[in-house]
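Asker: One point on numbering: in the working numbering, the residue at position 142 of the sequence shown is 149, and numbering is uninterrupted. We put the CB at the ideal spot given by N, CA and C, even for glycine. For reference, the structure I am asking about is given below.
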Amino acid sequence: MLPLVPGYLGYVTGLSGTALHERAKSRMVLGATLFVLGFSVIFVLIGAVFTYATAWLRFEGAWVVQVLGIIVVFMGLIFMGAFGFFQRERKITRRPPDGLLGAPVLGATFGIGWAPCMGPTLAAVLALVYGTDPARGALLVFIYCLGLGMPFILISLGMQRGMRALDFFKRHKAAVMRTGGGVLIGVGLLMVSGIWNRWVFALQDWFANEIVMPI
8 MLPLVPGYLG YVTGLSGTAL HERAKSRMVL GATLFVLGFS VIFVLIGAVF TYATAWLRFE
68 GAWVVQVLGI IVVFMGLIFM GAFGFFQRER KITRRPPDGL LGAPVLGATF GIGWAPCMGP
128 TLAAVLALVY GTDPARGALL VFIYCLGLGM PFILISLGMQ RGMRALDFFK RHKAAVMRTG
188 GGVLIGVGLL MVSGIWNRWV FALQDWFANE IVMPI
């Protein structure tokens, strides 16, 4: 996502070029936050609907996790650049007005489309929220949105330093894609083998029996 940050920050604040560096930081932070909230609403709704639909359709059993694991492996390959068809973007071409008023709308339209840098990871997150209730599924997807949105907000807080950090990721884009895709493939294989569920159950048991809350 990082290479997209400067362009989107300029759009949601209504600024570009030198003005983007010189304008008040509060405007950039507000624009970035509204943009993140826009796509977060879409993703959280998708997460809630997905968990509700899988429960309503009574998708149960280890086979569902295995199928979802295969999908996550497939998404990892897409993230690494495989399957040219999925490397294309699908998005709404009609854009809202630039500036703060259009920031949440732009975020929502950003969330509705498909981008190879975002879609595979979201699909993996949805696979991992399978079996939870809709509220918990929505919460887990919201946490994913925080991870996705933090680069926009952090770079808007420290524009000059953030831009220098972006240069590093631009130079190593291929390595980042291979690493991210490898992580997704690893998670998918754990799901297919059943190890993922055993790890999750063990972690839940440990947290329930070993962790003592201060209140």
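#1: Judging by CA-CA distance, which residue of Met184, Val190, Pro158 is the nearest neighbour of Met87?
#2: Curious, which full-length alpha helix (DSSP H) runs of at least 4 residues does the segment 62-89 contain?
#3: Using C-beta distances below 7 Å, list every residue in its chain close to Leu37, excluding the 5 sequence neighbours before and after it, in chain order.
#4: Measuring straight from C-alpha to C-alpha, what distance separates Leu135 and Lys177?
#5: Less than 7 Å between C-beta atoms, sequence neighbours within five positions excluded: which residues of the same chain meet that for Val199?
#6: Expressed to the nearest angstrom, what Euclidean distance is found between the alpha-carbon atoms of Gly118 and Gly126?
#7: What residue from Leu197, Asp174, Leu146 has the CA that sits closest to Val51's CA?
#8: Using the beta-carbon count (16 or more within 10 Å), is Met35 buried or exposed?
#9: If we require 4 or more residues per run, which alpha helix (DSSP H) segments fall completely within the segment 118-182?
#10: Which term fits Gly195, buried or exposed, when burial requires 16 or more other beta carbons within 10 angstroms of its beta carbon?
#11: Determine, using beta carbons only, whether Cys152 and Phe46 come nearer to each other than 8 Å.
Answerer: Quick look at the numbers:
#1: Within the sequence shown, the letter at position 80 stands for residue 87. When each option's Cα is compared against that of Met87, the closest is Met184.
#2: Scanning the segment 62-89 for uninterrupted alpha helix (DSSP H) segments of 4 residues or longer gives 69-86, listed from N- to C-terminal end.
#3: For the purposes of this step, residue 37 is taken as residue 30 along the sequence shown, with counting starting at 1. Here Leu37 has Leu107 as same chain residues with Cβ atoms under 7 Å from its own Cβ, once five neighbours each way along the sequence are excluded.
#4: On the sequence shown, position 128 is the one that residue 135 refers to. On the sequence shown, position 170 is the one that residue 177 refers to. In a straight line, the C-alpha of Leu135 is about 29 Å away from that of Lys177.
#5: The sequence position of residue 199 within the sequence shown is 192, counting from 1. Beyond the five residues adjoining it in sequence on each side, Val199 comes within less than 7 Å, by CB distance, of Gln73, Gly76, Ile77 in the same chain, given in chain order.
#6: For the purposes of this step, residue 118 is identified with residue 111 of the sequence shown, where counting begins at 1. For the purposes of this step, residue 126 is identified with residue 119 of the sequence shown, where counting begins at 1. Approximately 9 Å between the Cα atoms of the pair.
#7: Here residue 51 is taken as the residue at index 44 of the sequence shown, counted from 1. Residue Leu146 is the option with its Cα nearest to Val51.
#8: Your numbering for residue 35 matches position 28 in the sequence shown. The Cβ neighbour count for Met35, taken over all protein chains shown within 10 Å, is at least 16; the residue is labelled buried.
#9: If we require 4 residues or more, the alpha helix (DSSP H) runs fully inside the segment 118-182 come out as 126-135, 141-164, 166-178.
#10: In the sequence shown, counting from the first residue as 1, residue 195 sits at position 188. It counts as buried.
#11: In the sequence shown, the residue the question calls residue 152 occupies position 145. In the sequence shown, the residue the question calls residue 46 occupies position 39. Yes, these two residues count as a Cβ contact at 8 Å.
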